[in-house]
Structures are given as structure tokens and as C-alpha cells.
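There are 2 protein chains.
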Amino acid sequence: MLRPRVTLRFYHSVFQPKALLDDIIKGTATHELFQELGFLKQSQSGLVHWLPAGLRSLNKVKGIVRRRMNQDGDAMEVSLSTLSPRFLWEKTNRWAGKELFKLKDAKKSEYCLTPTCEEDITTLMNTYINSYKDMPLTVYQITRKYRDELRPRGGLLRGREFLMKDAYSFASTEQEAMQIFQKMNTVYDKIFQDLKVPFVSAWADTGDIGGDLSKEYHYLHEGGEDTLMICDHCNETSNVEKCESFPEEVGLHNGDVSVQYALSKDHNTLICFYYPKDRQFNWNMAVSTVDGDVDVELKYAGNDSVLQAFQRPDDEIMFSRILRVMDCRLNSRSNFPDFPLTKFLKNNFGQLDEVSIVAAEQGEICGSCEEGHLQAHRSIEVGHTFHLGTRYSESLGAKFTDRDNNSNAIMQMGCYGVGISRLVGAIAEVTRDEQGFRWPSSVAPYLVSICGKDEKLIDEVAQCIGSEEVLTSFNPKLGLGARIKLSHAMGVPLAVIVGPKNWPKVEIEIRGKRWASNSWREQFGSLQEAYDWQIVSSAPEKHLVPVKNLARVIEILLADL
Amino acid sequence: MLRPRVTLRFYHSVFQPKALLDDIIKGTATHELFQELGFLKQSQSGLVHWLPAGLRSLNKVKGIVRRRMNQDGDAMEVSLSTLSPRFLWEKTNRWAGKELFKLKDAKKSEYCLTPTCEEDITTLMNTYINSYKDMPLTVYQITRKYRDELRPRGGLLRGREFLMKDAYSFASTEQEAMQIFQKMNTVYDKIFQDLKVPFVSAWADTGDIGGDLSKEYHYLHEGGEDTLMICDHCNETSNVEKCESFPEEVGLHNGDVSVQYALSKDHNTLICFYYPKDRQFNWNMAVSTVDGDVDVELKYAGNDSVLQAFQRPDDEIMFSRILRVMDCRLNSRSNFPDFPLTKFLKNNFGQLDEVSIVAAEQGEICGSCEEGHLQAHRSIEVGHTFHLGTRYSESLGAKFTDRDNNSNAIMQMGCYGVGISRLVGAIAEVTRDEQGFRWPSSVAPYLVSICGKDEKLIDEVAQCIGSEEVLTSFNPKLGLGARIKLSHAMGVPLAVIVGPKNWPKVEIEIRGKRWASNSWREQFGSLQEAYDWQIVSSAPEKHLVPVKNLARVIEILLADL
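Protein sequence lines correspond, in order, to chains A and B. Residues -16 to 544 in the numbering used here are what the first sequence lists, from first letter to last. Residues -16 to 544 in the numbering used here are what the second sequence lists, from first letter to last.
And the structure:
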């Protein structure tokens, strides 16, 4: 845990707050706290400069993700240019994206600053992958990404420039692609376990990035922007956008009914999705009730435009198919809107019942086990895995020669993102308390601080711990109490308190949280006498040890933090 | 040197060339070689995607620079946003820079992609530095930088997106600033020593970045874009732009004379710099002959504009001062251009002789020791240190309270750059030979390759070395000879050749170069019997050792490579 070094690195106190800490922390939003405590500085809306403490935490997250990607994901690290040319984005129909930062060079060539890299990576890998023998293959990078959010908010949670790990997998068959998708979800489980903060994974809507199958990784947090539905029976966890639910009893809705029109892909069927007016229509669930046979180009077009697209001569309309999809909460006495067409044959009407096409609500029945009830939880999304299928490889012409010697086989792709800077913000948000940050040791900018006023003793203790993970540098004007408070506010898991009173013993005050394990207890039991190690207070928890045994005791304590 | 790991990482052969290596290497420019051997891929002009092997080398350079900056430079790492707002660049008069990539966000705010970060870092640090007690202070970052070169060339040597380490120092006095400048040059010496490739440091022109004092770090190389002058007596090394030289004998130039006009800062003196027409005028040396009293705003204005700026009523002109600065190579019989003014008083003429205001040429006398002769060398610049003085702190209002309690004191700054990606390109260029790359072990993507055809034996050897630094993955179609050739071409310092013939002994073929030391010889002398270690060939140098002693022998051999 502690990496011993000959040279000690001191965190310069110039970035630390000089004012009273209580004032700084009280009621301060996490993003402000980052700035007050010298982790980072917002330069412009949605843009930050990382300062030494913040960069240390960022690099620790990066290290954990990189190690797991290499070791468990068998993924190869690459690093793509941030500037991506317009023509690639036109091929995938993403150049019009509203949140793309775009620029022209001196020769008037157009580029965007990449928000994700499907276009570039697919083009790149297509030059190296020729045969099914070259796959499966996963590459990843940890680079800055850009998204011109109109309303950047929440600091690191939604910035315009952010550090992201994005991985891309290439497979020769859908089965192989599914295997990588599963493998990558195992890697993600390990990454989030390494970070120590409890997390959930949820089935998710694939959204605009496309594809068929998608999982999200979340921290449950009441201030989060997402809503997850967790079944109290089968534990199935889904983003509310993806969650199928049923009411305790069907057909109880007697109020107003809303309708959403859609057309089948061949435009010969008018689909009328009926649902309770007081509920939120869910497109994805609606589309899946008709096995995906919907022209999604008309998704945002509005009912009038859909009807217009359906218009044709009267006698043709009469013979067109009309499909009514009824949310199971409706009954025949519900207040339906007028049907827009006047001429039609009753024989051409179809109807689907007993489906659910609205967003799930707390307390409804789980659509997966059909037994448990759904609990709603607010959450912060920190990772996302997608099975993309051929969404990008098709439009970018990523082909290979398959086992049957077909040289026009299309690669099966997946993509897997972790917001590295977002994770720093999210972990801060979900673990902080009224004293400030309370990092797990995996992400803490320093593992130990040495608080005292006697420089000679501080130096001696620092030498004795001998690690880059030690914070010893405080503003000289801060008294001992303020230094401990600052160490706690910065979220350093252990504060070593050094003074002439106990010398050559020192106190260790525990700021960190024991996330899951309590392995220190056993060690304490067997070693307390040999180490002359006492617990002198329980709230706050304080230990007393001779300085000569400090390094070993710190290591034991950190194992659980 | 070898970091042992439980898990071995294999470099996937998908990026390796499949064709015959001799064809690939022969006459191939270094930038092409990078692509042919799968180190990187050019995506657009001046932009590259880094592939696994290239990224490994890049990260090694990064690691060396970071370690020295922390350990010897006492510098703190930060990481600034790449997007810098227009108003900051207007303050320093750099927004008009032709090579800035510029963009607008959705709200029409303008930003550039930073090529260097003086504007942002000065603004940032000004919020934290209040007193002389907060200084000296050095911060640095290793981030991508952007420059919209109209003619990007030489691949990594002059890209439009590149990885740079840029450091900035803040000091309360010029003396303190000089101390940091010197300290940072010591750090640079260590960085370049760590990289192992012989380098020179040279006094340099400060150019457009401004400031007073500047040193460059170069690799001598006949294909380089820079020219250094090195004195064969005092060894003083300068960029030709900064090098003062004198002819063997003064006043020998009888041919045509050119003139460059300039005005003193108060515009009351017309300065006429005369120099041999066949030599290149050197502005900086010319300006220093008049103690810097030149209006540099007119530097690129041209003679006519200077004369126009000097125009005033006849009677005033008559009394204006005119200063003639004569390059020492001229004599009175040289063919001078006509003097542009008709009315003037002879008394107001001044003349400076015995100065040198043209670019040095090979064989001339060194202006520093005035004894030796100058030798011209082509070179590649890879690092640059500047004492900036108050060039940026003044225009950005970076003030502090000094020892005399003056709260308007202006910070003294320095900046220090190392082109990380450029270094990878430059080291490749100066160390490669007809067999391909020949990396020093500091930068090699892998330290050892294992070449063989028997997967079981290869695995056994890999386990026995147990390091992330081992390349074992080759295209299955490549024979043993081709694998060794590829390993050599990729510049891996040691190739371990594994086969049933010698088993359980293996051959080690040395591809790397012994840069300075030969410490292995002594070890070989004392250990050859105990290790059963033989040298079986000298050109190419091949060793034979039992596999059980391989790890130790590799470590000994790598120490010199």
C-alpha cells in the first residue's frame, strides 16, 4: 500500500485554505469544496485546472482502471488524437451532434474534439484487423474528451472537458462479442470493487450511442441525476429508462389517455401507443412491444408529422393497417383521445394489450420476476458498457474475412466507458460528510498526514514512514488542531499526531471509513503487546504507538480503509 | 530495471508488419518506420494515433521527466485545461498568433487549444501566491499541446498535436529566478543523462516567447533543422542564432554591403546596421550592440517603414542622431548603399565598429573565448529553458507582497519545456541504423524479446524473466529469423533466442548499444563460471546461458544498454 521512497515529496501548502475550515465546509457544494481545499480550480464554465492534490486522486483512479484493463481485460492501451476529421463523423451521421466542439485549421479543414472515439478507433483498427484470427481484440485509452454541454453543472460530474477511459472491442461473431461484453462487465466489477465504494450495475437504455445491450455502473446517492429501479425480490436493477414494470392491478386508470403515433418501418402500419396521461411514455419499451418494427427516424417528429407521413389517398388509407398498443393500466372506460382518421376498415385494426409502455414508478411490480416490487433510488452514473453490434462498423466499412472465407463480414463491436474525472467527483460526493472529504484509500490524495508543530519530530516521523503518500506540508500559521481538521477535510484516511507529550509515541487518528473489512482487529489482537499498540479513544478513533512501529501499524490500518 | 510481475503482458502481433522486414526498413524515413513497425499511425497531417508499442516508449520518456521534475526540480505536478479563453491571450498580445487552433463554443465564447500555458498558469498561480514567502515555486504538467503548423513535417518532430512537459517557475527576485533557472538546467542535464543519448546544451535566442536568458537541449544529427556552433577551444555551444563570431581577420569584405535600419526606443536616433550582403543579418546581436535600445516593434517592418517612422520636418531631421553600426568584416572600401537622408549634421553622426552582427559561420573565431574556431553542427532541439523575467507576469498582473511590504511587486517567471513526443521521434532518428530502431533501454518499448517457435519453451522463459518488459507475441507466420529481425527492427535491446538445440540454455543476442559504460564486463569476469555464462559470438554479440540464470544475466547486460 505504502510505496517506500528515498525522497519524500511534500505537498506545498500554497494551495491550502488559510481561513477557518468549519466555515469552508459548512453547506459547501462538493465542487466548491474541491476548490476551497486546493484539489482543483475551475478555469471557465465546465473546465478545470487540476492542482497537485486533485491530480493525485485522479491518477489513482487512472491507475486502478488501467491495471484492471490490462490484467483482467487483456486490453491494449493506445492513445488517439483528440482532433477527429469531419468526414469520419459524417459517415456515422454524428457530425450534426449539438455538443461537439468543432474547429477549422488554417487550411479550412474541419475537426471536432472527440467526445468518444468510435469513428477513429474503428477506422484505425480496420487497417490492422484482416481476419477472424485477429479477433477478439480490445483496445482502450485514457484521454481527455470534450462535450460542449450548454449547461455544465456539478463540476466534475458534468464538465466540458473530462478524462475518460474508453475501450472498444472487436469480435468476429455476435457470440464472441457477447463474451467480451461479459468479460468487460467482470472487469468493471473489479474496478469498482478496487475503488471500495459500494456500487450497483444496472441494465440500461443504449441511447444515442446505439447498439443492443448496455449496462451502467452507478453509485446510489440521493443527489444523483439518474433514477434506478431495484426489485425487492429478484434484485434486478435497471435504469428507469429501461425498467419494465406493471401495476399491482391492471386496468385501473380511468382518467385521461395520451397517445403517441408511430409508423412501421414500411410506413404501411399506423401504430397508436395509448398510455395514462399522468405517466411518462417510454419509447424503448413501446418499440419493443412491436418487435422493433418502428421507423425511429420519426421518433422526435411529433404526432402531426407522423400522421402526415401516413397520409395517402382515401381508398388506400381504408386498407392500411392500424395497430393499437394499449398500456395495461388503461381500461375501456378510460378517456381516449379522438381517432384522427375517419375512413378505415374495422378488419384492418389490430390491438395489443397487457403491455407496459411507461416509465416505471416506485412500488410497481417488477417486469422481470413479476413478483417483487420496485424501489426507486437516485444515483450517479460512473461507467457504461455497450454491445454496439455493427452500428459503427457497418457505416465505417470495418470488414474482415470470416471463417467461411467471406471477406465482407462486418465486425461486431462493443464500447466501454469509465469517466475517470467524473469518478473523482462522484466518489467525493457520495463519501463526503460534514467534516469534508472522506476518501477510500484507493483514491485519497495522500494516505497519511503528519500533524504537529515541531519540524524536527515531523521530519523524523516522515522519514520513518518513508513514503510518497505522506502529507506533511501545512501553512505554518495553522495550529495543530487546524492541521488535523484540514487533514480530515482533505479526506486523508489517517492523521498521525506528533508532539513532545507522547514522544516517542505518536497518535493515529482515523478519518477513513472501514468499507467492508475489519482485518485490523485480528492483527491488533495478536500484535498489540509486541508493538506496544493501544487504542486511546473510540470516537474519534485514536491509536497510540511508538514511532518505530508506526509504519507497520499504518499498513495494517490502511488495509480496511 | 526489470520490474517483476505475476501477470505477463503480451504485445499483440496485430500491429506488427507481415511483410519482409528488409524491404520495410531500407531507405524508410523514421516517421514511416514508426508506422511500418506499429508504433503509431498518422491519422491526419501532423496528428498521430499512438499504438501500444509507441505509447510504451512515450510513457517511459514521460516517467523519466516526471521523476526528475519531482525529485530534483522540487516541482509540483498540475494539469491545466487545454481550452484557454481568448481574453487571457489578448492580455499578452498572443491571440493573433498564426499557429493557434481557435474555436467557439455554443455560446460563442472563444478559446484556443493551448500551445503553451503562460497565460493560464500565471493567472492560476496569481490566485495562490500572495507573498514572497510563497516563492520560489515551480509547477509543471505533461499534457497535449496544439500548434496549427502550416507545414507539419518530420512526424513526431513537428506535429500539430504533441505531448509536452511544460514547467513554470515563480520567484520574488531576479536572483531567486536565476537560481531556479540554474536548478532547472541541472534537472534537464539529469533528464537527458537518464535518457542515455548524448546531448548538448546551447545558449539560445529567446525568440517570440520573450525573456532574457535561454538554453536549448539538442541532439547533434546531420538531418536536424537547427545549427549549433561549438567552439573547438572553449567548447561554448550556442544556437547559430545566438552565436557571436569574428572573422580570422577583420575588414576583408570588399563586396556589396547591406543595411538594416532601426530606431531607438525614443525614435530620436536612426540606427543603420551595415553588414556584408552575403551574410545573414542577426537581429539579436545587432540589438545588443546598442545595449538593447531598439524599438523592436519595427523589427519586421522593413527599411522603408522604419525610415517613414523616422520622418520629421527638415530642420528636426538635421539635428537627429544617426548611429552607424559597422560589422567588423566591412572596410571603408566596401560597396555601401546610398544614405537615404540628404540633410543632416555631421556632428550628429555616431559610429560603432568592431562588432559582429551577422550569423556565425563555420571556421570563424569564437566570440566567447576569442581564441578557438567555431564548428557548425546540425541538430534537433528537444528541450528549452527560459528565464522570462516579467514578460508575462506584468501583462497578466501577477503581483505579490515583497520583503519591503510592497504589494505591487511583479513576479519573476521562468518556463521550461521538454517535447515528450518529440523526444521519442528525435531519439529514434539519432539512434536508428540500417536494421531499424536501436533504442536505449530508457526508451525501448520492451527490454527483452523472446524469439522462438516452441510456445511451451517461450512461455517457460517468459515466466522465468517474469516482467512486463518482455515481448513474446509475434505473428505466427513469422519464422525464427524474421522474429529476431523484427525484434531488432523494433529496437528491443536484447533478443533471447529459445530453441530445442541449446535447451535448457538460451542465446541472448545484443541489439542495444553500450552508451557509456561497460559494467557487464567485470560481472562477466567474476560470474561466468558460476552462471555457466559464455560469449558465443562477437558480431553480432551473442551470449549463451542456462535459462535459470537468464534473469540475472539480462539485468547485468541491460545496465549498460
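Each residue gets a CB set at the ideal place from its N, CA and C atoms; glycine is no exception. Fair warning: this is a prediction, and the values are worked out from it, not measured in the lab.
{"Item": "If you draw a straight line from the alpha carbon of A:E377 to that of A:H370, how long is it in whole angstroms?", "Value": "14 Å"}
{"Item": "Please list, in chain order, the residues of the stretch 28 to 40 of chain B that have any C-beta partner in chain A closer than 7 Å.", "Value": "L30, V31, H32, W33, L34, P35, L38"}
{"Item": "Between which residues of its own chain and A:E347 is the CB-CB distance below 8 Å, once the five residues before and five after are set aside?", "Value": "S228, F229, P230, E231, H356, L357"}
{"Item": "Which of the residues in the stretch 80 to 98 of chain B, read from start to end, lie with their CB under 9 Å from any CB of chain A?", "Value": "K81, E82, F84, K85, L86, K87, D88, A89, K90, S92, Y94, L96"}
{"Item": "Decide if B:V519 is buried, meaning its Cβ has at least 16 other Cβ atoms within 10 Å, or exposed.", "Value": "exposed"}
{"Item": "Quick check on B:P135 - is its C-beta less than 8 Å from some C-beta in chain A?", "Value": "no"}
{"Item": "Just the Cα atoms here: how many angstroms apart are A:K128 and A:S26?", "Value": "17 Å"}
{"Item": "Using a Cβ-Cβ distance cut-off of 8 Å, determine whether B:Y111 contacts chain A.", "Value": "yes"}
{"Item": "Let me make sure I understand the geometry here. Which of B:G138, B:E524, B:D276, B:W33 has the alpha-carbon closest to that of B:E492?", "Value": "B:E524"}
{"Item": "Counting contacts by CB-CB distance shorter than 8 Å, is A:H14 in contact with chain B?", "Value": "no"}
{"Item": "By how many angstroms is the C-alpha of B:L71 removed from the C-alpha of B:D103?", "Value": "7 Å"}
{"Item": "Tell me the DSSP bridge mates of B:T384?", "Value": "B:S114"}
{"Item": "Got a sec, what are the start and stop residues for the beta strand (DSSP E) A:C447 sits in?", "Value": "From DSSP, A:C447 is part of no beta strand (DSSP E) but of the alpha helix (DSSP H) over 438 to 448."}
{"Item": "Identify the contact partners of B:P68 in chain A, using a Cβ-Cβ distance below 7 Å as the criterion.", "Value": "Q27"}
{"Item": "Under 8 Å between beta-carbons, which chain B residues line up against A:D117? List them in chain order, please.", "Value": "V(-3)"}
{"Item": "Per DSSP, which residues does A:W186 bridge with? Please list them.", "Value": "A:K198, A:S221"}
{"Item": "Taking its Cβ as the centre, do 16 or more other Cβ atoms sit within 10 Å of A:K531, making it buried, or is it exposed?", "Value": "exposed"}
{"Item": "Please tell me whether B:T272 and B:L335 are closer than 8 Å, where the distance is taken between their beta carbons.", "Value": "yes"}
{"Item": "Just grab the DSSP bridge partners of A:L20 for me.", "Value": "In the DSSP output, where bridge partners are listed per residue, A:L20 has none listed."}
{"Item": "By the DSSP assignment, the beta strand (DSSP E) with A:V431 in it spans what residues?", "Value": "431 to 434"}
{"Item": "Considering only residues of the same chain and omitting the five flanking positions on each side of B:K74, which have a CB-CB separation below 6 Å?", "Value": "S378, L379"}
{"Item": "Report yes or no: is there a C-beta of chain B within less than 8 Å of the C-beta of A:D188?", "Value": "no"}
{"Item": "If we call anything under 8 Å between Cβ atoms a contact, is B:T252 one with B:L306?", "Value": "yes"}
{"Item": "What does DSSP give as the partner residue(s) for A:Q517 in the beta ladder?", "Value": "A:L527"}
{"Item": "In chain order, what residues of the same chain have a beta carbon less than 7 Å from the beta carbon of A:T106, not counting five sequence neighbours either side?", "Value": "L71, L379"}
{"Item": "Quick check on the DSSP output: the beta strand (DSSP E) that includes A:S362 runs from which residue to which?", "Value": "357 to 372"}
{"Item": "Evaluate A:G21 with the Cβ neighbour count: other Cβ atoms within 10 Å of its Cβ, from every protein chain shown; 16 or more gives buried, anything less gives exposed.", "Value": "buried"}
{"Item": "Here's the rule I'm using: 16 or more other beta-carbon atoms within 10 Å means buried, otherwise exposed. How should A:R77 be labelled?", "Value": "buried"}
{"Item": "Using the beta-carbon count (16 or more within 10 Å), is B:Q124 buried or exposed?", "Value": "buried"}
{"Item": "Between B:C447 and the rest of its own chain, which residues show a CB-CB distance below 8 Å, the 5 nearest in sequence each way excluded?", "Value": "V530, K531, L533, A534"}
{"Item": "Less than 7 Å between C-beta atoms, sequence neighbours within five positions excluded: which residues of the same chain meet that for B:H32?", "Value": "L23, K24, S26"}
{"Item": "Where are the beta strand (DSSP E) runs, 3 residues long or more, that stay fully inside the stretch 294 to 324 of chain A, in chain order?", "Value": "304 to 310"}
{"Item": "Just mark A:G193 as buried or exposed, buried being the case when its beta carbon has 16 or more other beta carbons within 10 Å.", "Value": "Any reading at A:G193 needs caution, since the residue's pLDDT is 49, under 50, leaving its predicted position unreliable; the model's value is listed next. Per the 10 Å Cβ criterion, buried."}
{"Item": "Three or more C-beta pairs closer than 8 Å, one from the stretch 310 to 325 of chain B and one from the stretch 255 to 265 of chain B: is that the case here?", "Value": "yes"}
{"Item": "Which word fits A:E224, buried or exposed, when buried means at least 16 other C-beta atoms lie within 10 angstroms of its C-beta?", "Value": "buried"}
{"Item": "Using DSSP bridges, identify the partner residues of B:A392.", "Value": "B:F383"}
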